Every structure is written in C-alpha cells, then in structure tokens.
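S.K.: If you use my numbering, the sequence shown corresponds to residues 96 to 181, in order.
Quick reminder that beta carbons are idealized off the backbone N, C-alpha and C, glycines included.
Remember, it's a predicted structure, so these values are computed and weren't measured experimentally.
Sharing a structure with you now.
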Amino acid sequence: MHAEVGDWLVVKGTVLDSPDEIGLIVEVRRADGEPPYRVRWLRDNRETLVFPGPDAHVITAAEKLRADTRERRRIAALQQAILGRG
C-alpha cells in the first residue's frame with residue numbers, strides 16, 4: 096500500500112449494513128509512502144494512527160475529486176428530474 100498526504104483511506108465495513116470508514120490521510124510517516132498513516136476520519140473528525148489491514152485501500156486525492164464531481168452531477172440531475180426540468 097502506498098499513500099501521500101491528501102489521499103483518502105477507505106476501510107470497508109466488516110459487518111452487514113455497516114458503512115465504510117473514510118478518512119483523509121494527514122501524515123505519512125515513511126518516505127516510501129508505506130503505512131502507518133495518521134488519518135482524520137470524516138465521521139467524527141478524530142485523528143488516529145492507522146496500520147491498514149486487507150479491508151482497506153487508498154484513493155488518491157485526484158480520484159476522490161473525480162468521484163465527488165460525478166456524485167454532485169448525479170444529484171443535480173436527480174433534483175432537476177424531480178422538478179420536471181430534466
């Protein structure tokens with residue numbers, strides 16, 4: 096696993112119907128980008144030192160931006176459809 100500051104760590108929910116945990120990587124302690132990472136979690140803004148397991152993966156800042164942009168466009172299109180304008 097490799098990460099840079101500004102990337103996102105996603106930890107898949109391990110219990111049925113539990114959401115994924117998503118956090119911003121605010122510190123990478125090794126020069127080669129390997130764990131551990133200091134992560135600020137979206138759910139509670141808490142920072143923790145993380146040694147990610149096999150249920151985790153890194154999303155680059157650019158990938159997250161593209162995904163967020165797609166989601167905003169999808170929501171805007173749904174809103175327009177609901178209003179009868181789409």
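Which residues in the same chain as alanine 162 place their Cβ atom closer than 6 angstroms to its Cβ, once the five residues preceding and following it in sequence are excluded?
M.R.: Answer for alanine 162: no residue qualifies.
S.K.: Given a threshold of 16 other Cβ atoms within 10 Å of its Cβ, counted over all protein chains shown, does valine 110 qualify as buried or as exposed?
M.R.: With fewer than 16 other Cβ atoms within 10 Å, it is exposed.
S.K.: Can you give the Cα-Cα distance for glutamate 99 and threonine 164, rounded to whole angstroms?
M.R.: Distance between the alpha carbons of glutamate 99 and threonine 164 is about 21 angstroms.
S.K.: Apart from the five residues just before and just after glycine 108, which ones in its own chain have a Cβ nearer than 8 angstroms to its Cβ?
M.R.: Excluding positions up to five away in sequence, the list reads Pro114, Asp115, Glu116.
S.K.: Helix, strand or coil, according to DSSP, for glutamate 116 in the structure here?
M.R.: Correct three-state label for glutamate 116: strand.
S.K.: Let me know if glycine 38 comes out buried or exposed under the rule of 16 or more other beta-carbons within 10 Å of its beta-carbon.
M.R.: Lying outside 96 to 181, the shown extent of the chain, residue 38 is not represented and no answer is given.
S.K.: Check threonine 109 in the structure and name its three-state DSSP category.
M.R.: Three-state result, threonine 109: coil.
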